[in-house]
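Novice:
Numbering (UniProt numbering), first residue to last: 1 to 401.
1) Counting Cβ pairs, one atom from each stretch, are 3 or more of them under 8 Å apart for the stretch 140 to 150 and the stretch 340 to 350?
2) Using a Cβ-Cβ cut-off of 8 Å (strictly less than) and excluding sequence neighbours within five positions of residue 304, which residues of its own chain qualify?
3) Just mark residue 335 as buried or exposed, buried being the case when its beta carbon has 16 or more other beta carbons within 10 Å.
4) Based on the DSSP secondary-structure assignment, which residues constitute the bridge partners of residue 272?
5) May I ask you to report which of helix, strand or coil DSSP gives residue 48?
6) Check this for me: beta carbons of residue 78 and residue 28, under 8 Å apart or not?
7) Taking only three categories from DSSP, how would you classify residue 196?
8) Compute the Euclidean distance between the alpha carbons of residue 32 and residue 20, then round it to the nearest angstrom.
9) One question on the structure: do residue 375 and residue 398 come within less than 8 Å of each other, judged by their Cβ atoms?
10) My understanding is that residue 156 touches residue 143, with C-beta atoms under 8 Å, so please give their C-beta distance in whole angstroms.
11) Counting pairs of beta carbons, one from the stretch 55 to 64 and one from the stretch 109 to 129, are three or more of them closer than 8 Å?
12) Measure the alpha-carbon distance for residue 171 versus residue 130 and round it to whole angstroms.
13) In the DSSP assignment, what are the bridge partners of residue 134?
14) Taking the alpha helix (DSSP H) that residue 167 falls in, what are its first and last residues?
15) Who does residue 297 pair with in a DSSP beta bridge?
16) Just curious, the alpha helix (DSSP H) that residue 109 is in, first and last residue?
17) Is residue 31 close to chain B? Criterion is C-beta to C-beta, closer than 8 Å.
18) Can you give me the start and stop residues for the alpha helix (DSSP H) that residue 8 sits inside?
19) Just to confirm my understanding: we take residue 258, look at its own chain, exclude 5 residues before and 5 after, and list those with CB closer than 8 Å. What are they?
20) Report the rounded CA-to-CA distance for residue 289 versus residue 280, giving the unit in angstroms.
21) So, are the CB atoms of residue 190 and residue 363 less than 8 Å apart?
22) Enumerate, from N- to C-terminal direction, the unbroken alpha helix (DSSP H) stretches of 4 or more residues contained entirely within the stretch 360 to 384.
23) Among 292, 37, 163 and 111, which one has its Cα closest to the Cα of residue 132?
24) At the level of alpha carbons, what is the spacing between residue 102 and residue 141?
25) Is the beta carbon of residue 81 closer than 8 Å to that of residue 193?
26) Please identify the residue among 63, 128 and 388 whose C-alpha is closest to the C-alpha of residue 356.
27) So, for residue 201: in the same chain, excluding its five sequence neighbours on each side, which residues have a beta-carbon less than 6 Å away from its beta-carbon?
28) Is residue 41 closer than 8 Å to residue 69 when the C-beta atoms are compared?
29) State the CB to CB distance for the pair residue 298 and residue 76, rounded to an integer number of angstroms; the pair is presumed to be in contact (CB under 8 Å).
30) Mind reading off the beta-carbon distance from residue 161 to residue 390? Whole number of angstroms is fine, and I expect it under 8 Å.
31) State the DSSP-derived secondary structure class of residue 208, mapped to helix, strand or coil.
32) Take residue 377 and list the residues in its own chain whose beta-carbon comes closer than 6 Å to its own, dropping the five residues that flank it on each side.
33) Determine the direct distance from the alpha carbon of residue 268 to that of residue 317, and round the result to whole angstroms.
34) Which of helix, strand or coil does DSSP assign to residue 353?
35) Which whole-angstrom value describes the C-beta separation of residue 95 and residue 365, a residue pair presumed to lie in contact below a C-beta threshold of 8 Å?
36) I believe residue 326 touches residue 105 by the beta-carbon criterion, under 8 Å. Please report the beta-carbon distance rounded to the nearest angstrom.
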């Protein structure tokens with residue numbers, strides 16, 4: 001898609017998202033629980049690009065509608081589930097904190113080192129798998145007994161349970177006595193996504209050899225548009241890609257590359273799941289490296305997880321290369337005969353395979369949800385009377401969910 005058209009279509013997509021967010025904020029109580037963000041998009045594209053006859057202009061309007069709907073599917077990579085499952089009623093819970101959404105190019109290693117300091121001074125028990133959390137509230141002071149697989153049980157005054165929502169959903173019977181019904185309802189009601197990442201590293205960033213920036217879409221400077229969630233690169237760049245004082249290589253676009261409804265990979269992607277990647281060669285200075293970071297979600301994540309789980313690790317790189325080759329091979333300058341254009345190393349998170357991750361990642365708000373805000377609040381409260389607290393993204397303040 002030409003850069004100008006891509007920029008225009010992206011603005012349309014984010015304008016509709018802004019309108020959906022506004023509607024959800026103002027009229028959540030009147031929105032049917034079964035209405036999705038995608039159905040709102042379907043209504044909006046018909047309104048913005050109306051068709052009445054079968055003439056040429058109407059054919060163009062239909063093409064525009066189809067393109068916007070295909071591009072809208074990128075929302076799945078923000079929440080871990082397809083846009084068709086995103087609740088419009090509780091879309092307001094996806095609203096982000098105002099201001100810049102920064103992508104930490106150097107990674108969070110300094111932050112992690114700082115917050116780990118007090119933990120490293122204590123007794124951290126690695127490799128201990130909790131099986132039961134038993135509360136004793138018969139005495140005046142509650143206590144919590146932790147049953148550990150293959151180890152002695154331990155007793156604490158209070159316990160903070162940081163297990164992901166997906167683990168809680170699958171292990172409600174780990175709590176003794178059972179959790180109150182309203183807390184169980186909240187845990188069961190909030191959605192849980194399948195958001196994974198696949199890093200593909202090359203010897204060189206072959207896709208951006210040219211120094212020309214004429215074809216590059218500029219990053220959005222319209223801060224009236226809602227920002228994206230913290231799982232992604234920022235929508236609002238502080239400097240445009242062609243700025244002379246930018247620390248980013250001007251030939252590298254600092255954003256997403258989308259492959260919308262790919263129909264050219266029938267063997268590996270017969271359902272035409274859209275794909276998207278972030279160009280890590282666009283990071284500033286020494287943090288840049290020739291790597292594509294693919295965000296995969298929903299059925300794609302589950303497919304990749306099953307693929308890797310059913311083959312030995314020695315075959316994983318070849319399997320991932322086969323799946324993603326139809327996409328990175330369509331980037332500029334790619335040559336199938338150039339060894340430097342072939343993946344050098346690959347890494348898939350595969351959280352959809354991880355028991356302790358709850359076989360997925362990222363809490364979200366899906367169609368059918370009736371009391372999403374109350375569900376979050378009841379999980380946030382926990383059970384202080386039993387000395388038990390829940391913690392994690394599923395208990396965050398609404399603006400940070």
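The beta carbon of each residue, even a glycine, is placed where N, CA and C say it ideally should be.
Specialist: From the atom records:
1) no
2) Closer than 8 Å at the Cβ level, and outside the excluded window around residue 304, lie 196, 198, 296, 320, 323, 348, 350 and 352.
3) exposed
4) Looking at the DSSP assignment, residue 272 forms no beta bridge with any residue, so it has no partner.
5) Helix at residue 48.
6) no
7) strand
8) 14 Å
9) no
10) With 8 Å as the limit, residue 156 and residue 143 qualify as a contact, their Cβ atoms being about 7 Å apart.
11) Taking 8 Å as the limit for Cβ pairs, the verdict is that the stretch 109 to 129 does not touch the stretch 55 to 64.
12) 11 Å
13) 145 and 176
14) Residues 165 to 170.
15) DSSP output for residue 297 lists 195 as bridge partner(s).
16) 109 to 120
17) No chain B is present in this structure, which holds just one protein chain.
18) 3 to 27
19) 71, 74, 274, 275 and 276
20) 6 Å
21) yes
22) 372 to 381
23) 163
24) 44 Å
25) Taking 8 Å as the Cβ cut-off, residue 193 and residue 81 qualify as a contacting pair.
26) 128
27) 291, 344 and 345
28) yes
29) Indeed, because the Cβ distance is near 6 Å, the residues count as touching under 8 Å.
30) 5 Å
31) helix
32) none
33) 15 Å
34) Under the three-state reduction of DSSP, residue 353 is assigned to helix.
35) Rounded, the Cβ-Cβ distance is 11 Å, inconsistent with contact.
36) Contact flag wrong, Cβ pair sits at about 29 Å.
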